[in-house]
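Accompanying notes for the structure given below.
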Ligand code: BGC
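Residue numbers (our numbering): 1088 to 1366.
Right under this line is the structure:
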């Protein structure tokens, strides 16, 4: 095994999430995939949601079950209410309950403002924002029904919203995406305020530039990577595991007092690096 393959196994504590049931949306690729695998390494049983890419999802399931936990791939479009309700029902039937929701599924449909179609705007809002709303709502119903099980976790449930640095960094040519992420920030904080008394912790992870298919053109040539690194004080482009590890920590009782927080995992992208030498 290469050192890059073994590294994540070394850092994820194997029993941190033992006995917990996690659902990761959009888990067939990118950040979702790494997160589902890391949750499995931490001892959670994992539902791998996907909307397209069944084979990839099955591979993720295989990788997770290699950690000695249960996993299954469920197809559902997170922006479709009936499909989300059915997915949650199936999870409760087959896995018993849900303890951790990672609302990760997201996409980009980029265009200059005057060329952006209503369909491009709507698709991004539907998947990125409404999808998280629907999954969070259905997971919350189950958290409330079941309540706290102290042997499993101090919280009745944990929701981790996958946001982006673009919840606060405006992004020309991506008004649909940036608006969806700005919406996620306020949705997450409002849910955190509403659900904290019920012992449900809602938080977000805001990734910076992470090497995944969504932004391949931003890092897959030497020139593109050099340009991208100008925006990243820590001087490396992120890997999906960087985000996965933050999610595992946030979902665990190590972070039990963390409520309504956004954890930026971005190598310093939100530190206004242009001002290191200017201003
Ligand atoms: C976007 C990526 C982008 C990164 C940093 C992410 O939310 O999906 O395409 O590279 O933000 O700008």
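Even glycine gets a Cβ: it sits at the ideal position worked out from N, Cα and C.
Residue i versus residue j: straight-line alpha-carbon distance, rounded
| i | j | result |
| --- | --- | --- |
| residue 1139 | residue 1162 | 8 Å |
| residue 1091 | residue 1270 | Residue confidence is low: residue 1091 scores 45 on pLDDT, short of 50, so the model does not pin down where it sits. Its coordinate-derived value is still stated next. Cα-Cα distance, rounded: 35 Å. |
| residue 1320 | residue 1295 | 11 Å |
| residue 1101 | residue 1204 | 46 Å |
| residue 1314 | residue 1198 | 20 Å |
| residue 1088 | residue 1145 | Per-residue confidence for residue 1088 stands at a pLDDT of 37, beneath the threshold of 50, marking its modelled position as unreliable; the derived number appears in the next sentence. Whole-angstrom Cα-Cα distance: 22 Å. |
| residue 1106 | residue 1358 | 38 Å |
| residue 1318 | residue 1123 | 28 Å |
| residue 1309 | residue 1316 | 11 Å |
| residue 1211 | residue 1261 | 10 Å |
DSSP beta-bridge partners of residue i
| i | result |
| --- | --- |
| residue 1162 | 1137 |
| residue 1186 | In DSSP, residue 1186 forms no bridge with anything. |
| residue 1104 | Answer is none; residue 1104 lacks a bridge partner. |
| residue 1351 | 1293 |
Whole-angstrom C-beta distance between residue j and residue i, which should lie under 8 Å
| i | j | result |
| --- | --- | --- |
| residue 1129 | residue 1103 | 4 Å |
| residue 1214 | residue 1166 | 5 Å |
| residue 1043 | residue 1243 | The structure shown does not extend to residue 1043, since the chain spans only 1088 to 1366, so no value can be given for it. |
| residue 1229 | residue 1277 | About 20 Å; that fails the 8 Å criterion. |
| residue 1115 | residue 1156 | The pair is not a contact, with the Cβ atoms about 18 Å apart (cut-off 8 Å). |
Distance CB(residue i)-CB(residue j) smaller than 8 Å
| i | j | result |
| --- | --- | --- |
| residue 1246 | residue 1226 | yes |
| residue 1200 | residue 1132 | no |
| residue 1323 | residue 1354 | yes |
| residue 1112 | residue 1223 | no |
| residue 1325 | residue 1297 | yes |
| residue 1291 | residue 1272 | yes |
| residue 1216 | residue 1175 | no |
| residue 1173 | residue 1135 | no |
| residue 1195 | residue 1264 | yes |
| residue 1335 | residue 1125 | yes |
- Task: Please go through the region 1250 to 1310 and give each complete beta strand (DSSP E) segment of 3 or more residues, from N-terminal end onward.
- Result: 1287 to 1294
- Only counting runs of 4 or more residues, tell me where the alpha helix (DSSP H) segments fall wholly within the region 1199 to 1223, in order along the chain. 1205 to 1211
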